[in-house]
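Residue numbers (this note's numbering): -15 to 232. Accompanying notes for the structure given below.
Below is the structure:
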């Protein structure tokens, strides 16, 4: 079985490309000249699919696929708006997509060759969350200086919309007459979702932060007409990511 995984783009460079003189104007030696109000971050990591619905069960039973073939690398971006010392409102987007080649487990063609196809599963959540920091993120030492703390843990949760696409294309077996046919089965759409998250931020400098985060997402959606005999597709799963951000 051959596997093709989506390549993660190089996102972090966009954050550190902010001109140094512009940042230096509002940064002192280990402090900022005011409390930051906005934080822009980008994340890379792994998104694991729960894959606990009938369409995934069928794919694993009939094809040479397993649960991890529906998971893959992820990338994302977010903008956080500071509402108080310990609370941010965060608008976020992420993407994970994986394409895996497979073949039927119990059937071969009349030419004694495998009956091959490929499956692509994509999820793109758009969310708005509240993030609560368990300790203060920094301290004001005067009206004109804010010093960040080194390490700050947080918890949070939110809601949003998840877009998904599930595609299978290649050769398949018609179980009515055992004919082999070539086709493309496709379903895509959106679903409401909820998520819970936790992590910590590490201040690399007054302006730059690193982030480690885990989150779990709950979502499901009705499948399209190509999959009429299946129940709703399970879009739930977890994400583990590392990120880099800039405070403004």
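The beta carbon of each residue, even a glycine, is placed where N, CA and C say it ideally should be.
Inset, instruction - Give the secondary structure of residue 160 by DSSP, where H, G and I count as helix, E and B as strand, and everything else as coil. - result: Coil, per DSSP.
Legend entry - residue 72: first and last residue of the uninterrupted beta strand (DSSP E) it sits in: Unbroken beta strand (DSSP E) run through residue 72: 71 to 92.
Inset, instruction - Please report how far the alpha carbon of residue 251 lies from the alpha carbon of residue 184, in whole angstroms. - result: The structure shown does not extend to residue 251, since the chain spans only -15 to 232, so no value can be given for it.
Legend entry - Limits of the beta strand (DSSP E) - the one that residue 65 falls within: Where residue 65 is concerned, the enclosing beta strand (DSSP E) starts and stops at 56 to 66.
Inset, instruction - Let me know if residue 221 comes out buried or exposed under the rule of 16 or more other beta-carbons within 10 Å of its beta-carbon. - result: So residue 221 counts as buried.
Inset, instruction - Express the C-alpha separation of residue 20 and residue 141 in angstroms, rounding to a whole number. - result: Their Cα atoms are separated by approximately 22 Å.
Inset, instruction - Identify, in the order they occur along the chain, each residue of the same chain with its Cβ nearer than 8 Å to the Cβ of residue 102, setting aside the five sequence neighbours on each side. - result: Contacts found: -12, 83, 84, 85, 86, 152, 153, 154.
Legend entry - Local Cβ density within 10 Å of residue 90, reported as buried at 16 or more and exposed below that: Exposed, by the Cβ-count rule.
Inset, instruction - Taking only runs that begin and end inside the region 29 to 59, name each unbroken alpha helix (DSSP H) of 4 or more residues, in chain order. - result: For the region 29 to 59, whole alpha helix (DSSP H) runs of length 4 or above, ordered along the chain, are 38 to 46.
Legend entry - Inter-residue Cα distance where the pair is residue 160 and residue 57: For residue 160 and residue 57, the distance between alpha carbons rounds to 38 Å.
Inset, instruction - Would you kindly check if the distance between the Cβ of residue 224 and the Cβ of residue 177 is under 8 Å? - result: Cβ atoms of residue 177 and residue 224: not closer than 8 Å.
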